[in-house]
Each structure stands twice: as structure tokens, then as C-alpha cells.
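The opening residue of the sequence shown carries number 1 in the working numbering; numbering runs sequentially from there.
All C-beta atoms in this analysis are idealised placements derived from N, C-alpha and C, irrespective of residue type, glycine included.
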Amino acid sequence: MKKEKFLVIGAFGQIGSELTAVLKRIYGENQVVAVGHTTIPEDYQGIAVKASILNPEEIAALVKKFQITTIINLASFLSVKSEIDPDGAFATNLLGLKNTLDLAKEFHLKVFWPSSIAVFGPTTPKNNTPQSTIIEPTTMYGLTKRAGELLCQYYFLKWGVDVRSLRYPGLLDYKTPPSQGTTEYAKWIFYEAIKKNLYQCPLREDTNLPMMYMEDAILATIKILDTQAKKIKIRTSYNLYAFSFTPKQLALKIKKFLPDFSISYKINPQIQTIADSWPQTIDDSKAREDWGWQPKYDFDETVSIMFSGIKKIIEKQNEY
Ligand code: AKB
Numbered sequence: 001m002k003k004e005k006f007l008v009i010g011a012f013g014q015i016g017s018e019l020t021a022v023l024k025r026i027y028g029e030n031q032v033v034a035v036g037h038t039t040i041p042e043d044y045q046g047i048a049v050k051a052s053i054l055n056p057e058e059i060a061a062l063v064k065k066f067q068i069t070t071i072i073n074l075a076s077f078l079s080v081k082s083e084i085d086p087d088g089a090f091a092t093n094l095l096g097l098k099n100t101l102d103l104a105k106e107f108h109l110k111v112f113w114p115s116s117i118a119v120f121g122p123t124t125p126k127n128n129t130p131q132s133t134i135i136e137p138t139t140m141y142g143l144t145k146r147a148g149e150l151l152c153q154y155y156f157l158k159w160g161v162d163v164r165s166l167r168y169p170g171l172l173d174y175k176t177p178p179s180q181g182t183t184e185y186a187k188w189i190f191y192e193a194i195k196k197n198l199y200q201c202p203l204r205e206d207t208n209l210p211m212m213y214m215e216d217a218i219l220a221t222i223k224i225l226d227t228q229a230k231k232i233k234i235r236t237s238y239n240l241y242a243f244s245f246t247p248k249q250l251a252l253k254i255k256k257f258l259p260d261f262s263i264s265y266k267i268n269p270q271i272q273t274i275a276d277s278w279p280q281t282i283d284d285s286k287a288r289e290d291w292g293w294q295p296k297y298d299f300d301e302t303v304s305i306m307f308s309g310i311k312k313i314i315e316k317q318n319e320y
């Protein structure tokens, strides 16, 4: 059997940096080619190349050179950045995916591409949101993800491209800095709490959103990639869920570590509108039935890992 060889696009981003490390651990360092479009971290161990998915010839050359069998395209603008630069989001999120699927069709590659809970919109049922339901996103990010899901299914139905995808909730990790997403407040809050004992939240205190610890998201990704093709019944994207919380509930958990911590609220209408259009809890039973998905981390455990991880980073920064 041909040994899997992965091309990871967006390898140094939030999901990419952790997924690449786990793939190297499981399959071996030489089986993973990490692609970044700006800079490659100096301390990166393994094969790393600078290239862009918006330049498909460049990526095709890498597929041939390294005899790639699986392409993982994680390059994506998140929700808030997509509203600031809708053209950039459309290009990276959707045209980048189209390029990926065309390469997969030409070179017979397996594909992984991340979708998001952002595919759901204000008309979707908010609680226990089903796999198949009304899906009318009102954000640029959400619509690129929904159109992308349908494009994935189209390439599967029409050309048999073995494409797999997950609708990630807000992902919490302490290894990468927070970025421009609606759920990213749940990372910023730890930095501000540890540094200043204060956090000004851009969302209402009762904004309940689905979240997950990064290690669970990575496990789910590895698991869906490793599942036999015939068991993957959904070729748009699978709902995935761990837990949900509001800013108020998160602040109370952080207070257990920092009793003097206080949170205030200064609503950012643009971010609040995005959050209000998303579900609060998700039904991920199809992922559980089809390929045995099960999260390992709950809200409490995630908060405690995030707190100690970010505290160490800040302490290290203060040493310099
Ligand atoms: C965002 O907030 O934009 C992302 C997402 C839920 O897809 N974290």
C-alpha cells in the first residue's frame, strides 16, 4: 500500500501548526510537506515550502515533486477578517478551495478542508442545530464556507474526489496568538485577565457559542482522514461539537484562578451580529455514528489548560 504523504496548506496557522505536528508524529517527518504563504518559522523541523494556493501551478509542482497523496487546505480568512476584506475572503476561502479540488481531481488526491458553524445563519434553528437544516448564512465567511461545502460535494459526486470536511466550532488553543474571528474573544480574555485582571468583551454577556479545545479538533481531523471512504456518508461537511459557553460563564471560570478578575462589556455591533446569526449548540450525531467522533475535553478542563498555557507564555515574555 502507498504510504500517505500530506501537503498541508496553511501549515503555520492556528489549526495547521498543531495538525502538522501530529501528522509528523503519526506518519513520520518526511511524510508531511508544510506550506506557508508568508513566512516559515525558523525553528520548524521538517519539510517546509513557501507557496500559495492561489497559485495552483506552484502547488501542482509540489504535489508532483513530493508525490503527495493527501492535500489539506487550511488557508482561510476567519469571520471578522472576512467582513473587513470580503474580496480577500472570497479568493482565499473559495477560489483556494476550487484550486485544491482541481488539483485533487487531476492527481487523485484525498482532500481535507475546514468548514465552520458559520455556515448557519439567522434562520437556522439555534439549539441542537441539525446536520441538515435551513442554511442561509449572512456573512461573507459563512457564505464562502457554505458554497465551499457544496463545491466539495459536487467534486465528490461528479468526479469521485475523496473529500472530507468538518464544521469546526470556535477553537481554543494557547499555542497561537488570537486572530480575527468572532469566537476569538475566548482566547483574548485569558491574555487580558492574566496581564491586567480586566477584560472588555465585544460580545453581550449572554452570547452562547459552540467551542472546542484544539486537541479535540485535531483528533477529529485525524480520525475523519483515517476513516474508510465508504463510511464517509456526508461529503459537504460534518457537524462537530464539544460544549458551549457565554462570556459571563467563561469569566466566572477564570475568576476561580484569578479572584480579582473583572469583565466589562462594550458591544461591537459587527461582531455581535455575526455571533447572533450562529447556533448555540450543535447536533453532531452523524459524525458520532459514521466515524465514531467523541470529544475528550469539556469546558472546565479546557479553561484550566488555556489558563496555564497562556500564563506560561506571558511569564516567558516577561523574562525578556
Ligand atoms: C470565527 O470565529 O470566525 C471562527 C469560526 C467559528 O469559524 N473561529
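Spatial neighbours of Gln131 in its own chain (CB-CB distance under 6 Å, excluding positions within 5 residues in sequence) are listed in chain order as Asn239 and Lys286. In chain order, Val303 place their CB closer than 6 Å to the CB of Lys253, counting only its own chain and leaving out the 5 sequence neighbours on each side.
Distances from the CB of Pro169 to the heavy atoms of the ligand AKB include at least one below 7 Å.
Taking 3 residues as the minimum length, the beta strand (DSSP E) runs contained wholly in the segment 154-232 are 163-168, 170-172, 198-201 and 209-213, in order along the chain. Beta-bridge partners assigned by DSSP to Lys110: Thr70. Counting C-beta atoms within 10 angstroms of its own C-beta, Asp284 has 16 or more neighbours from the protein chains shown and is therefore classed as buried. Within the segment 230-287, the complete alpha helix (DSSP H) segments of 4 residues or longer fall at 247-257 and 269-276, listed in chain order. The segment 224-237 makes no contact with the segment 80-91; the number of CB pairs closer than 8 Å stays below 3.
Per DSSP, Val32 is one residue of the beta strand (DSSP E) stretching across Val32 to Gly36. Each of Ile189, Glu42 and Ala48 was checked against the Cα of Glu29, and the nearest Cα belongs to Ala48. The C-beta distance from Leu166 to Met212 rounds to 10 Å, too long to fall under 8 Å, and the pair is not in contact. Asn99 is classed as buried because its beta carbon has at least 16 other beta carbons within 10 Å across all chains shown.
Relative to the ligand AKB, the nearest heavy atom lies less than 7 Å away from the CB of Tyr141. Only residues of its own chain outside the window of five on either side were considered, and among them Leu7, Ile47 and Phe66 have a CB closer than 6 Å to the CB of Val33, listed in chain order. Checking the 7 Å criterion, the Cβ of Gly181 is within range of a heavy atom belonging to the ligand AKB.
At a Cβ-Cβ threshold of 8 Å, Phe107 and Val163 do not count as neighbours.
The secondary-structure analysis by DSSP pairs Leu62 with nothing; it has no beta-bridge partner. The closest heavy atom of the ligand AKB lies less than 7 Å from the beta carbon of Ile117.
According to the DSSP assignment, Leu23 belongs to the alpha helix (DSSP H) that extends over Gln14 to Tyr27. The shortest C-alpha to C-alpha distance from Ala193 to any of Gly121, Lys311, Lys126 and Lys105 is the one to Lys311.
Per DSSP, reduced to three states, the secondary structure at Ala75 is coil, with no helix or strand assignment. The criterion of a C-beta distance shorter than 8 Å is not satisfied by Glu58 and Gln31. Contact between Leu109 and Thr139 fails: their C-beta atoms lie close to 29 Å from each other, not under 8 Å.
In terms of Cβ geometry, Ala251 and Ile263 form a close pair [threshold 8 Å]. Annotation for Lys50: the continuous beta strand (DSSP E) segment containing it runs Ile47 to Lys50. Per DSSP, Ile9 is one residue of the beta strand (DSSP E) stretching across Phe6 to Ile9.
In the structure shown, Ser308 falls within a helical segment according to DSSP collapsed to helix, strand and coil. Shown here for Tyr44: same chain residues with a beta carbon closer than 8 Å to its own, the five before and five after excluded, namely Phe12 and Ala34 in chain order. By the Cβ test, the segment 181-188 is in contact with the segment 197-211, since at least three Cβ pairs between them sit closer than 8 Å.
Residue pairing from DSSP leaves Ser82 without any beta-bridge partner.
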